[in-house]
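Encoded as structure tokens, the structure appears first; notes follow it.
Protein chains in written order, with the numbering used here: chain A, 1 to 108; chain B, 1 to 115.
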């Protein structure tokens, strides 16, 4: 069964704005990962946050994890047109299960 | 050099045919996977191998048969192709086992179209 569910399904913003994507899941996890997929390409790993961590940063990316609410968020600050892609969360609790993704469009 | 490479990139074939997709990784990873991504971008795991041993075999029709000749290669053979098999198939690898403890490295996918 599908584990992670992303919200919103689609997001359109202007360059320079921040983009926030959310992921909710149902069962306990060991870690949660975020991936990016550009059109016609494979998924690329962005960041992994473990269940005992609350926040993690990588460049313009900030990920939070709230295990009590079974949710995570991915924040991309100062977005660029090159950030246009689909973003997936994946939960690890025995095996890695992907959500259906958020399509982010950043307009120049 | 591409870390995870799969061939072909596009595959168009008719119903009933048999086809194979090849995957190779040069990362030295022990674990490899096949994922299927449907038209709504839902990504579902099909198989996972750890050091040539089948670890995960999800509810996949037995027309799909993975083969791992060595830990750097994981091929997918599909018999008697059906219209519903049309999708993008991704190969991936990870350093550690199938528990999701380490990130996955994906190939660029094979878009299979069955007519």
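Idealized CB from N, CA, C, for every residue including glycine.
Interface annotation, residue 40/B: in contact with chain A, CB-CB separation under 8 Å. For residue 105/A against residue 12/A, the beta-carbon gap comes to about 4 Å, under 8 Å, which counts as contact. The DSSP-derived three-state label of residue 3/B is coil. Distances from the alpha-carbon of residue 87/A to those of 15/A, 22/A, 17/A put 22/A closest. Excluding the 5 residues flanking it on each side, residue 108/A has same chain C-beta neighbours closer than 6 Å at 15, 81, in chain order.
Cβ contact annotation for residue 111/B (same chain, cutoff 6 Å, sequence separation greater than five): 10, 88, in chain order.
With contacts defined by Cβ atoms closer than 8 Å, residue 7/B and residue 22/B form a contacting pair.
According to the DSSP assignment, residue 44/B belongs to the beta strand (DSSP E) that extends over 43–50.
In this structure, 52/B is the residue among 35/B, 52/B, 34/B with its C-alpha nearest to the C-alpha of residue 72/B. In this structure, residue 92/B lies near residue 4/B, with their beta-carbon atoms less than 8 Å apart. Around residue 107/B, the beta-carbon contacts reaching into chain A at under 7 Å are 42. The beta carbon of residue 32/B sits closer than 6 Å to the beta carbons of 49, 74, 93 from its chain, once the five residues preceding and following it are set aside; these are given in chain order. Distance from the Cα of residue 103/A is smallest, within the candidate group 90/A, 26/A, 39/A, for 39/A. Look at residue 54/B here: in three-state DSSP terms it is strand. Residues of chain A whose Cβ lies closer than 8 Å to the Cβ of residue 103/B are, in chain order, 33, 45, 48. Put simply, the CB of residue 101/A is near chain B, with a gap under 8 Å to one of its CB atoms.
The bridge partners DSSP lists for residue 33/A are 48/A, 90/A. In the structure shown, residue 81/A falls within a helical segment according to DSSP collapsed to helix, strand and coil.
With distances taken between CA atoms, residue 27/B lies nearest to 107/B out of 79/B, 107/B, 114/B, 44/B. In the DSSP assignment, residue 21/A falls within the beta strand (DSSP E) that extends over 19–24.
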